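Numbering (the UniProt record's numbering), first residue to last: 1 to 96. Ideal Cβ positions, reconstructed from N, Cα and C, are used throughout, including at glycine. Because the structure is a prediction, the values reported are computed rather than measured. Structure first, then comments.
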């Protein structure tokens, strides 16, 4: 996947998904519950965001070695721009 395609896919994502992607980039590997705690988004919102990001190829899902019932997520793709960061923070504050 080219970086241009990734940037275009990021532009089409809701602010909540951009925030989840940003948090994953800053924290390397996280479970869904860790992302939920870090972003203060609802669990369902985080689950939807992770699904969208995985479909877009921006997140990789792996089985957690410590607990096979859990999944660990890692961000791939373009670095967020300053505008993406501001939009994600604003969307999270408004509950989007």
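Check	Outcome
Do the CB positions of residue 17 and residue 68 come within less than 8 angstroms of each other?	no
Using only the alpha-carbon positions, how far apart do residue 14 and residue 52 sit?	9 angstroms
Mark residue 42 as exposed unless 16 or more other C-beta atoms lie within 10 angstroms of its C-beta, in which case mark it buried.	exposed
Sort 44, 58, 29 and 8 by Cα distance to residue 65 and report the nearest one.	29
Is the Cβ-Cβ distance between residue 31 and residue 72 less than 8 angstroms?	yes
Going by the CB atoms, is the gap between residue 74 and residue 22 shorter than 8 angstroms?	no
DSSP three-state label for residue 29, please.	strand
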